[in-house]
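Peer 1: Chains as they are written, first to last, in our numbering: chain A, 95 to 210; chain B, 293 to 505. Below is a structure I'd like to ask you about.
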Amino acid sequence: MTTHAIGDDEHFAGSNRLFISVWVWLLALTGFEVFLGYIQLPLLYMLVILLGASIIKAALIVAYFMHLRFERLNLILTIVPALVIAICLLLMFFPDSFRSKALRSTGPAQAPTESR
Amino acid sequence: MATEAQAIAGDWGGGVHPYRVGHRKLGMWLFIMSDSLTFSSLLIGYAYVRASNVWPTPFRFYPSIVFSSVMTLVLLSSSLTMVMAVSASSRAQRSAARKWILATAVLGATFIVLHLFEWRHLIGEGLSPFQLPAEWVEKWPGSTPLFGATFFGITGMHMFHVFTGCIYLLVVAGRVNKLKHEDVEISGLYWHFVDLVWMFVFPMIYLLSIWPK
Chain A
95 MTTHAIGDDE HFAGSNRLFI SVWVWLLALT GFEVFLGYIQ LPLLYMLVIL LGASIIKAAL
155 IVAYFMHLRF ERLNLILTIV PALVIAICLL LMFFPDSFRS KALRSTGPAQ APTESR
Chain B
293 MATEAQAIAG DWGGGVHPYR VGHRKLGMWL FIMSDSLTFS SLLIGYAYVR ASNVWPTPFR
353 FYPSIVFSSV MTLVLLSSSL TMVMAVSASS RAQRSAARKW ILATAVLGAT FIVLHLFEWR
413 HLIGEGLSPF QLPAEWVEKW PGSTPLFGAT FFGITGMHMF HVFTGCIYLL VVAGRVNKLK
473 HEDVEISGLY WHFVDLVWMF VFPMIYLLSI WPK
């Protein structure tokens, strides 16, 4: 009886109207991103704004299209925080990336001369 | 039985079915978690080599960015048709669900075709995984040839996901009368995830690499 209750008693939450409005928001955010590309802001501004917009878009897709907002809190807490932390941990390599840019030669004329 | 039902009622109760989803759906969520890490590693690896090198920014607003924006529109619309499929399936309208799933697969295939045009254009210019076109090297002296590796690696991996997603959807559309509603929903999860990945690939790869005015 309990297994019968799993899945069967769930109704697909959210109306088609809601999904269409999410889709319109996603399109609007994409249009905004492309517009930023058209006017060409400096790279750092572009990076921050585009990443922010992408995270909002991803959240909209996960919450409404992938239905996670209507799932149990248990499932959300199992999936989201671990993933966010793991992805943020990947950022720890960047100081090395900036360091190696400073070390890199900028052209053939300045090739390193020291021998190994 | 009653205690089990009570355990399900509370979020912290746990019980026998702490997530109240079927095992297949939980499996798809776990797969999506691992696949998210795959794509984040690829994108962060790309950001790593980009930040430590002279990096070409070769995409002209027209045609490349306009073209990839249309691809984004196609993929976003395929997510909407997939939502409609799941919604129809939840109301037990199986033939409507099948039509929406097929529409999603067609939009996915359109995305692949458009993307292959884009690839052919870049390969025609002289881009390969470990070599830049001569024009780019002249414009950005000392730039790394890894541009092609990251571009083809990340977009290729994504295209592979779209391709397998199309096959998955065709199978689900063919068997929609035999499948439970939750199975349709699970195929939707996969498809939306593929769309979600593109929401990061498109700005990171294309919009941050627009040819300077």
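Just so you know, even glycine gets a beta-carbon here, dropped at the ideal spot from N, CA and C. Small disclaimer: the values here were computed from a predicted structure and weren't measured.
Keeping to the same chain, check which residues put their C-beta closer than 7 Å to that of Trp119 (chain A); ignore five residues upstream and five downstream.
Peer 2: Cβ neighbours of Trp119 (chain A) beyond the five flanking positions: Leu154.
Peer 1: Please confirm whether Arg390 (chain B) has its beta-carbon closer than 9 Å to some beta-carbon of chain A.
Peer 2: No, Arg390 (chain B) lies away from the interface with chain A (no Cβ there is under 9 Å from its Cβ).
Peer 1: Does the CB of Pro239 (chain B) have a neighbour CB from chain A at under 9 Å?
Peer 2: Past the boundaries of the shown model lies residue 239 (chain B); chain B is included only from 293 to 505, so the question cannot be answered.
Peer 1: What is the residue span of the alpha helix (DSSP H) that Ala153 (chain A) lies within?
Peer 2: Element bounds for Ala153 (chain A): 137–154.
Peer 1: CB-CB under 8 Å to Leu112 (chain A), same chain, minus the five flanking residues each way: which ones, in chain order?
Peer 2: If we look at Leu112 (chain A) and ignore the five residues flanking it on each side, its Cβ neighbours are Tyr158.
Peer 1: So with CB distances below 7 Å, who are the chain A contacts of Thr234 (chain B)?
Peer 2: Residue 234 (chain B) is absent from the structure shown; chain B starts at 293 and stops at 505.
Peer 1: Taking Cys489 (chain B) as the reference, which of B:Leu368, B:Ile478, B:Ser387, B:Lys431 has the closest Cα?
Peer 2: According to the sequence displayed, residue 489 (chain B) carries Val and not Cys. Among B:Leu368, B:Ile478, B:Ser387, B:Lys431, the Cα nearest to that of Val489 (chain B) is on B:Leu368.
Peer 1: With a threshold of 7 Å on Cβ separation, who are the neighbours of Met140 (chain A) within its own chain once the five nearest residues in sequence on each side are excluded?
Peer 2: The answer, listed in chain order, is Leu130.
Peer 1: Here's the rule I'm using: 16 or more other beta-carbon atoms within 10 Å means buried, otherwise exposed. How should Ile446 (chain B) be labelled?
Peer 2: It is buried - the Cβ of Ile446 (chain B) has at least 16 other Cβ atoms within 10 Å.
Peer 1: Which residues, in order along the segment 304–338 of chain B, keep a beta-carbon less than 7 Å from a beta-carbon of chain A?
Peer 2: Cβ contacts with chain A: Val308, His309, Pro310, Tyr311, Arg312, Val313, Gly314, Trp321, Met325, Ser328, Leu329, Ser332, Ser333, Ile336.
Peer 1: Going along the chain, which residues of its own chain have a beta-carbon closer than 6 Å to the beta-carbon of Gly480 (chain B), five neighbours each way excluded?
Peer 2: So the list reads Met374, Val378, once near-sequence residues are dropped.
Peer 1: Following a CB-centred definition, is Gly306 (chain B) positioned closer than 8 Å to any heavy atom of the ligand NAD?
Peer 2: The model on display carries no ligand, and the ligand NAD is accordingly not part of it.
Peer 1: How many Å lie between Ile133 (chain A) and His413 (chain B) at the Cα?
Peer 2: So the alpha carbons of these two residues sit roughly 24 Å apart.
Peer 1: Report yes if the C-beta distance between Gly440 (chain B) and Ser420 (chain B) is below 9 Å; otherwise report no.
Peer 2: Cβ distance < 9 Å, so Gly440 (chain B) and Ser420 (chain B) count as in contact.
Peer 1: Is it buried or exposed for Ile577 (chain B), if we count other Cβ within 10 angstroms and need 16 for buried?
Peer 2: The requested residue 577 (chain B) does not occur in the structure, where chain B is confined to residues 293 to 505.
Peer 1: Is it the case that the Cβ atoms of Ala454 (chain B) and Phe409 (chain B) are separated by a distance below 9 Å?
Peer 2: Rather than Ala, the amino acid found at residue 454 (chain B) in this sequence is Val. Result no, Cβ atoms of Val454 (chain B) and Phe409 (chain B) do not sit closer than 9 Å.
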